[in-house]
Structures are given as C-alpha cells and as structure tokens.
Ligand code: GLC
C-alpha cells in the first residue's frame, strides 16, 4: 500500500517571479505583487507555491545564477516582504517551496570572487583546472555546456579554467569539497528555520562529476560529457547527506532530474530509501521533439502514452513522481501538445490527461488560463525579432545552429516555438494595456492575445479553463484514493488520438479517463466499451454526452464506485 503523505496529495502552483505580478509598477514582477494575488492562488484549490529563485542574482539566467542564497533580489523585494508572504500563505493553508540551485552559483557570488583569489576556504569551492596546450589556454576537456558552447571558461586572474555546465556566469560548485556541502546545508537550514516547507532542487542529479573529468563523446553537440556528470559517482552519498538536514523538519524535497528514466529514478527513491521525495523528470515533455524542443517533431500521443505508462507502472507503490505539463523551461503546452485553434478545449483535455495520474500535481503560472506561446510573425514588420528574446539559452542554441549552417529564417522559426521565452511572458491579468501586469513598460513582451486570454475574463466565464482547473483540482482530492493513489491501467496503447486509462483504488472503485487528444473527430464506438456500467460522469470538456463522433479534444472522466 502506498504510504500517504501530505506532499503527495498537493497541487503546487509555480511562480516565476519576474513575470507573475508587478506590485510596485516598475515593469518587473515582485513579492508585493505575489501578496496581492495570494487569495487568487488559494482560490485555485492548490496547496503550495514553488518560487523559482527569488534570491539576489545578476539575472544572467533569471535567478538560476545566485549571488546570495540568504537574501532576496532587490528587484523582487526584501526578506521582510518574503516573511510576510510566507506568513500570509501559511495562514491561508498554502505551503512554500524554495528553489535550491546548488549545482552552481553566480560568478558574482562572494564564494566565487574569493575562489578566484584563492582565499581560503574558498579556493576549491569550484571546479578549477589548468588548461591544456602549450600556453595552457585550451580547455581542460571537451565538455560542452547545456547552453551550448564550451563548458569551460578561462579566468585570467586565477590563470585557470572553471567548469560551468550552464552559462559561463554560472560556475559549478565542487560538491566533492566537504566545506561546500556544509555551506549548502547552512543555506538549507536558513530557509527551513524561517519556516519554508521544502525545496525544488535544480538539476540536482548533475552535482557529482566523474573523477579526472574524462572527455565526453565528441558526437554530442551540447551537454558533451553528460555521462560523466549525470548521476555521477557520489550522487547518492551527497543526496543522502543533504537529506539528513530535513529530518528535523516537516519538509520535503523534489529534485529536478534531466535525462531521468523510471529505472534510474528507483535508485534514488524506492521502498528502502528516499534520497529525494520525488523527481521532476522530462521524458513526457519529449512527445513532440528529440530530447529538446528545438529538435521539433509532430506531436506523438503514442510516445507520450508509452512514457506515462512506464513511469506510472514502474513507480507504483515504490516511488513517487511529479506530474507537470508546463514550467519556465518549456514552451506553453497548448501550443505544443494542444491546439491554439481549440485553445480552451485542448487546454481542458490536457488538464484532464495529467491531473489524475499518480504523483504530485504541478501547475505553472498562466497555465490555468490557457496562456499560449509567443509568435514572432505577429511582431511589427521590420523590427529585429531577436530583440524579442531574453533567455540566455535561446541565444546559445541560436549561435550553435548558426555554426551548423541553419538558415536564419529556420532558426527563428524554431526559436519562436521552442524557446523558453515562450513561457516567460507576463501573466495576463486583465484586458487593460500590458494585461494589467504593470502600467509602465514591462520587462518582457506581453502576449498580444491578452485581450481575450486573461484572468479577469476567465473569472467571469463559468466555462473557462480557469474554472475547469478549480473543479478538477477539487475532484482530484475528492477521489484521491483512485486519482492520487490508484493503479494506472492503460487501454488502446497504440491509438494515435485516444488516451484512455483507468485509475483503480485499493477498494476497487475507479476513475476512467477518456480523451481525444487531437483536432480530429473520432468515432465514439471506439471508447464506449471502456465506460463501466453504473459509472457516473464527474467532469467533461464539452457539455452533453459523447455524440457519435468525439469532438476535437473531447474528454470525460467517470467514477465507478465499489460494486
Ligand atoms: C534548471 C532550471 C533552468 C536553469 C537551469 C540552470 O533546469 O529550471 O531554468 O536554466 O536549471 O540552473
């Protein structure tokens, strides 16, 4: 039987602070803005907020480059304002989860500045190596960073290279140094003592690098060397050590785990050990691409079902996972797996698809109103479209593609559908200029569809995606024995458009989820036999019963009580 825990039953709302809500009207989202919207967040029926990094940061990677782990970025507010948010959230029954970015810091962090100068105890806080070649200016190995380009940067002052698996402004910490691990544990305690309820741990499976830093396969154009740092030699040891910190608190840890498979996941979380409580894995985000969105393919539901089936069945009663379709690193899901033409319908269908899976439920800001990706062809003619992008990884991939000889037109086309910028436009609150995010120039483009797609309009419409999510999240709890803890049983594995599954509770009651995840009408007779006699419909994309043809993105969930 699955052990029941509060964090398994949660739905977590992710705030990417820069674009959530601007409370002081300077064009940048902040904690004052969050305070204004706490009641709204609570009204969704979620249980927790995960803050993407709020800490002091030069924003080279929008907060994932931290210059001080124990203070708030002045653009976002103060530590006092954070405490106010924390208290008000707790009073509303909302937990608060902080992003813990410990694979790397900013190059502006005091630790790094002192490390450059070889000031103790910071000399070996980062991964420094002598260069190769006659003049020592050739990188120590052939690793490439995730934001493509060499994973090494030469530092004149120290006369050595430092490793950075992400941007050059994000030097990797040396977790092999016990003093680094102590410093990180102090950071964890700082926030736990303040009362936060857990951490989302950034690219946590990459913190241990292979001894000797051997060369990676020369065929990888990005992340070359990955096999030498993905789940590296000491990863389990270090995670167990960080885990120890939590034992004095009622807190939990979710680890971001790129390249994770269910088999590997079970080495971190299983019946006997819990180095993490759950993982943010990526395989289900690859149903329209090869590994990353920039290598685009048509959406493939069969591939997606296979992935869900693997994760749901292999982890059942053994480990726990996260279910999400959006976050700040992926283009908007309606623009990927759904259809902008059927924006609300496909948004609802996708919501049904992932909300009844076992795992902790995550929802990203703006997803609840069906925000879509940006499209550069809607920008004024004659403007330089690249000025519309802000994300460091967008420019790195663009430059790599240029090197490989792709045409500018092609690169731009891919960027407009794949770039992380797509998820980072300001949240659309109402139909006033700048979508009510601010009255001055916002830090980033507002999606031009804000007049139609915004919270205020969605609030007024009983059939909006927003109100659908509210209902859905309530149902997920009401039927939690099946929805959250039940066994996943899939039907029609090979069908290109239909996704049909049961979630069966221990007492035999079950939920049946029937979806047409496509724009194509599908004959209803294909699914009729899966609707159990005596089942009651609990939620539906469209009103009324299925007609002869299931309409685009039609979907229903049925509940069958114990016989
Ligand atoms: C994670 C974050 C992403 C960031 C990267 C480096 O994947 O989600 O936004 O760029 O780590 O910290």
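In this note's numbering, the protein residues as written are 284 to 846. All C-beta atoms, glycine included, are put in the ideal place defined by N, C-alpha and C. In this text, all values refer to a predicted model and were calculated from it rather than measured experimentally.
Run through DSSP, which three-state label would residue i get?
{"i": "residue 339", "result": "strand"}
{"i": "residue 800", "result": "coil"}
{"i": "residue 651", "result": "helix"}
{"i": "residue 315", "result": "helix"}
{"i": "residue 304", "result": "coil"}
{"i": "residue 326", "result": "helix"}
{"i": "residue 721", "result": "coil"}
{"i": "residue 737", "result": "coil"}
{"i": "residue 514", "result": "coil"}
{"i": "residue 764", "result": "helix"}
{"i": "residue 682", "result": "helix"}
{"i": "residue 846", "result": "coil"}
{"i": "residue 813", "result": "coil"}
{"i": "residue 373", "result": "helix"}
{"i": "residue 552", "result": "strand"}
{"i": "residue 630", "result": "helix"}
{"i": "residue 289", "result": "helix"}
{"i": "residue 437", "result": "strand"}
{"i": "residue 444", "result": "strand"}
{"i": "residue 394", "result": "helix"}
In the DSSP output, what is residue i paired with across the bridge?
{"i": "residue 572", "result": "579"}
{"i": "residue 382", "result": "483"}
{"i": "residue 644", "result": "294, 606"}
{"i": "residue 806", "result": "832"}
{"i": "residue 539", "result": "563"}
{"i": "residue 253", "result": "Because residue 253 is not part of the residues shown, which for the chain are 284 to 846, the question remains open."}
{"i": "residue 473", "result": "None; residue 473 has no bridge partner."}
{"i": "residue 794", "result": "786, 842"}
{"i": "residue 409", "result": "456"}
{"i": "residue 521", "result": "Residue 521 is not bridged to any residue."}
{"i": "residue 421", "result": "415"}
{"i": "residue 557", "result": "552"}
{"i": "residue 427", "result": "433"}
{"i": "residue 702", "result": "Answer is none; residue 702 lacks a bridge partner."}
In angstroms with no decimal places, state the Cα-to-Cα distance between residue i and residue j.
{"i": "residue 383", "j": "residue 485", "result": "6 Å"}
{"i": "residue 576", "j": "residue 569", "result": "7 Å"}
{"i": "residue 821", "j": "residue 534", "result": "33 Å"}
{"i": "residue 608", "j": "residue 285", "result": "24 Å"}
{"i": "residue 804", "j": "residue 833", "result": "5 Å"}
{"i": "residue 375", "j": "residue 522", "result": "32 Å"}
{"i": "residue 718", "j": "residue 613", "result": "22 Å"}
{"i": "residue 529", "j": "residue 492", "result": "24 Å"}
{"i": "residue 555", "j": "residue 481", "result": "21 Å"}
{"i": "residue 479", "j": "residue 379", "result": "5 Å"}
{"i": "residue 405", "j": "residue 441", "result": "13 Å"}
{"i": "residue 694", "j": "residue 789", "result": "50 Å"}
{"i": "residue 787", "j": "residue 293", "result": "19 Å"}
{"i": "residue 327", "j": "residue 626", "result": "20 Å"}
{"i": "residue 818", "j": "residue 792", "result": "10 Å"}
{"i": "residue 305", "j": "residue 360", "result": "11 Å"}
{"i": "residue 809", "j": "residue 688", "result": "47 Å"}
{"i": "residue 885", "j": "residue 438", "result": "With the chain covering only 284 through 846, there is no way to say anything about residue 885."}
{"i": "residue 332", "j": "residue 296", "result": "5 Å"}
How should residue i be labelled, buried or exposed, when 16 other C-beta atoms within 10 angstroms of its C-beta is the threshold for buried?
{"i": "residue 801", "result": "buried"}
{"i": "residue 362", "result": "exposed"}
{"i": "residue 557", "result": "buried"}
{"i": "residue 336", "result": "buried"}
{"i": "residue 324", "result": "buried"}
{"i": "residue 715", "result": "exposed"}
{"i": "residue 628", "result": "buried"}
{"i": "residue 782", "result": "buried"}
{"i": "residue 845", "result": "exposed"}
{"i": "residue 476", "result": "exposed"}
{"i": "residue 302", "result": "buried"}
{"i": "residue 454", "result": "buried"}
{"i": "residue 670", "result": "exposed"}
Inter-stretch contact (C-beta, 8 Å, three-pair minimum) for the region 730 to 745 and the region 790 to 799: no
Inter-stretch contact at 8 Å, needing at least 3 Cβ pairs: the region 772 to 785 / the region 583 to 590: yes
Segment contact flag, the region 715 to 731 with the region 305 to 322, C-beta cutoff 8 Å, min 3 pairs: yes
Stretch pair the region 647 to 657 + the region 618 to 632: three plus CB contacts closer than 8 Å: yes
Contact the region 672 to 688 vs the region 631 to 646: 3+ CB pairs below 8 Å: no
Stretch-stretch touch, CB-based, cutoff 8 Å, three pairs: the region 422 to 436 with the region 459 to 474: no
Sufficient close CB pairs (3 or more, under 8 Å) joining the region 377 to 392 to the region 345 to 356: yes
The region 738 to 748 touching the region 764 to 775, judged by at least three CB pairs closer than 8 Å: no
Given 8 Å, three or more beta-carbon pairs between the region 542 to 553 and the region 592 to 602: yes
Stretch pair the region 509 to 520 + the region 488 to 496: three plus CB contacts closer than 8 Å: yes
Contact the region 394 to 404 vs the region 492 to 511: 3+ CB pairs below 8 Å: no
Three or more C-beta pairs below 8 Å linking the region 406 to 419 and the region 443 to 457: yes
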